[in-house]
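Only one structure is covered here, and it is reproduced in the block below.
In our numbering, the protein residues as written are 3 to 194.
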């Protein structure tokens with residue numbers, strides 16, 4: 003299925019965590035000049051959703067809303083960096099797989115998968131992360147040498163932060179000329 007038929011369910015870092023992540027992303031881009039226009043928006047992908055008609059879209063929205071209505075806001079913890087080696091060449095902030103994040107993600111993924119709507123790869127091994135810089139939407143492909151140099155640079159930085167996630171957003175896989183947000187899902191449950 004083409005990327006045009008996918009939507010991405012994401013959590014958005016906020017506050018100080020977002021500011022620090024944006025600063026790191028900007029510094030890496032200034033050094034390696036991977037993106038020549040807007041930098042990709044920072045987010046944590048919860049699931050990939052395959053949508054090719056209104057019926058599937060409506061079904062996915064209903065599933066996500068129901069799951070989010072029963073979940074509380076939660077803390078998102080970032081502890082250092084993670085990396086996806088070539089061919090992805092991705093420098094990421096490592097997002098800790100907490101029980102709250104895992105239950106939310108797995109609950110949504112399971113329900114979407116039952117309806118044939120989730121296209122998230124490797125669901126059991128999913129590594130939560132915030133991509134800072136990689137080949138997706140890049141203006142140019144960075145070399146392996148540049149990627150490994152960036153990896154060494156960020157390994158020297160100590161990142162240990164958190165923020166509260168109060169809602170999820172459903173995005174189209176593009177951000178230029180502007181980010182297209184399909185829907186918002188407030189986490190408003192009263193679970194214990």
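Glycine included, C-beta positions come from ideal geometry on N, C-alpha and C.
Tell me the residue span of the beta strand (DSSP E) that contains residue i.
{"i": "residue 109", "result": "Careful: residue 109 lies outside any beta strand (DSSP E), inside the alpha helix (DSSP H) at 101-116."}
{"i": "residue 94", "result": "92-97"}
{"i": "residue 185", "result": "183-188"}
How would you label residue i, buried or exposed, when you count the other beta carbons within 10 angstroms and need 16 or more for buried?
{"i": "residue 173", "result": "buried"}
{"i": "residue 186", "result": "exposed"}
{"i": "residue 197", "result": "The chain is shown only over 3 to 194; residue 197 falls outside these bounds and no answer can be derived."}
{"i": "residue 27", "result": "buried"}
{"i": "residue 49", "result": "buried"}
{"i": "residue 180", "result": "exposed"}
{"i": "residue 167", "result": "buried"}
{"i": "residue 195", "result": "Any answer about residue 195 is impossible in this case: the structure gives the chain only from 3 up to 194."}
{"i": "residue 66", "result": "buried"}
{"i": "residue 88", "result": "exposed"}
{"i": "residue 178", "result": "exposed"}
{"i": "residue 123", "result": "exposed"}
{"i": "residue 99", "result": "exposed"}
Please state the DSSP three-state secondary structure of residue i.
{"i": "residue 168", "result": "coil"}
{"i": "residue 49", "result": "strand"}
{"i": "residue 135", "result": "strand"}
{"i": "residue 140", "result": "coil"}
{"i": "residue 130", "result": "coil"}
Identify the continuous alpha helix (DSSP H) that holds residue i and give its terminal residues.
{"i": "residue 82", "result": "Where residue 82 is concerned, there is no enclosing alpha helix (DSSP H), although the beta strand (DSSP E) it sits in stretches over 76-86."}
{"i": "residue 34", "result": "17-34"}
{"i": "residue 8", "result": "Element bounds for residue 8: not the alpha helix (DSSP H) but the beta strand (DSSP E), 8-13."}
{"i": "residue 178", "result": "Residue 178 -> no alpha helix (DSSP H), and no H or E assigned at all."}
{"i": "residue 55", "result": "First-last for residue 55: undefined, no H or E at that position."}
{"i": "residue 153", "result": "146-157"}
My understanding is that residue i touches residue j, with C-beta atoms under 8 Å, so please give their C-beta distance in whole angstroms.
{"i": "residue 189", "j": "residue 132", "result": "At roughly 18 Å, the Cβ-Cβ gap does not stay under 8 Å, so residue 189 and residue 132 are not in contact."}
{"i": "residue 130", "j": "residue 46", "result": "6 Å"}
{"i": "residue 196", "j": "residue 92", "result": "Here the chain has residues from 3 to 194 only, and residue 196 is not among them."}
{"i": "residue 69", "j": "residue 110", "result": "5 Å"}
With three or more C-beta pairs closer than 8 Å as the rule, is the region 117-132 touching the region 53-64? yes
At least three beta-carbon pairs within less than 8 Å, the region 163-171 to the region 13-24: By the Cβ rule, the region 163-171 counts as touching the region 13-24, because three or more pairs are nearer than 8 Å.
Inter-stretch contact (C-beta, 8 Å, three-pair minimum) for the region 23-36 and the region 62-78: no
Between the region 66-73 and the region 148-163, can you find at least three pairs of beta-carbon atoms closer than 8 Å? Counting C-beta pairs closer than 8 Å gives fewer than three between the region 148-163 and the region 66-73, which falls short of the contact rule.
Report yes or no: do the region 104-112 and the region 139-154 share at least 3 C-beta pairs separated by less than 8 Å? By the criterion of at least three beta-carbon pairs nearer than 8 Å, the region 104-112 is not in contact with the region 139-154.
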